[in-house]
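Working notes, beginning with the structure itself.
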Amino acid sequence: SYINLVVALVVALLVATIWSAFDRRGTEISTKYNLIYYWTIVVARYTSALGIIAWGFKKFVPKQMEIPSRTFMETPFADFSEQKIYWQYVGISQSYEVFLGFAEIMIGVLLLWRKTTSLGATLLILVLFNVCIANHAYDGMVHVGSFMYCVAGAIIVWPYLLPVWNLLVKRLDVAPYFFAPSFDQPWQKSLRYGIKGF
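Under my numbering, think of the first position of the sequence shown as 73, with each following residue one higher.
Next up, the structure:
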């Protein structure tokens with residue numbers, strides 16, 4: 073089921089190779105590349121945030137993994153799929169399910185704000201990779217979706233890795249620079265906060 077991701081990666085590498093062959097100026101000359109990269113990260117942040125918040129609310133309520141019903145308890149154990157057993161096992165411990173939902177909602181909230189993006193993206197990778205592995209182990213249905221969130225988290229956190237490495241490992245003074253367009257006009261600020269609030 074990962075074949076779509078492999079196809080997308082091959083197409084992306086092909087497009088990047090063709091683009092690089094035709095663009096002789098290089099990425100450091102044009103500020104358009106910084107703007108495109110900024111909006112790519114914004115789209116990755118917001119789609120990941122909205123998706124993980126929606127996923128978290130299913131657990132926080134809790135509706136994704138419910139308490140086993142009477143028919144479940146009367147069904148022979150061997151008739152269940154691995155995924156059904158795993159979901160019902162988590163459904164029994166509803167406080168754990170609510171905690172998972174709360175954690176996923178908080179990750180989404182962290183991704184919405186630029187100052188907490190790196191923490192949110194790191195937690196997104198850690199939590200959703202766990203979900204991906206659990207779905208592989210129990211033959212679940214959401215392993216590709218959770219893996220895609222891990223990839224999005226890696227894309228989001230990538231620019232922070234070198235400054236963190238220089239700070240913690242090389243013990244250098246670090247003043248990271250990340251491009252962000254200025255929203256100076258009052259209507260731009262209002263629109264930005266309105267979209268974020270929505």
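Heads up, the beta-carbon is just placed ideally off N, CA and C, and yes, glycines get one too.
- Counting only residues of its own chain and dropping the five nearest sequence neighbours on each side, Phe255 has a CB closer than 6 Å to the CB of Lys261 and Arg264.
- Taking the Cα of Ile125 as reference, the smallest distance to any Cα among Val170, Ile227, Thr112 and Gln155 is reached at Val170.
- Contiguous alpha helix (DSSP H) elements confined to the stretch 184-264 occur at 189-209 and 215-240, taking only those with 4 or more residues.
- If the five residues before and after Ile227 are omitted, its C-beta is found closer than 6 Å to the C-beta atoms of Ala116, all from its own chain and listed in chain order.
- Tyr210 has its alpha-carbon roughly 15 Å from the corresponding atom of Phe149.
- Straight across, the Cα-Cα distance linking Ala206 with Thr194 is about 19 Å.
- For the pair Phe201 and Phe174, the CB atoms are not nearer than the 9 Å cut-off.
- Along the stretch 123-172, the alpha helix (DSSP H) occurs as fully enclosed runs of 4 or more residues at 142-146 and 154-164, listed in sequence order.
- Non-local beta-carbon contacts of Gln155 in its own chain, meaning distances under 6 Å to residues more than five positions away in sequence, involve Tyr210, Asp211 and Gly212 in chain order.
- In the three-state DSSP reduction, Phe94 falls in the helix class (H, G or I).
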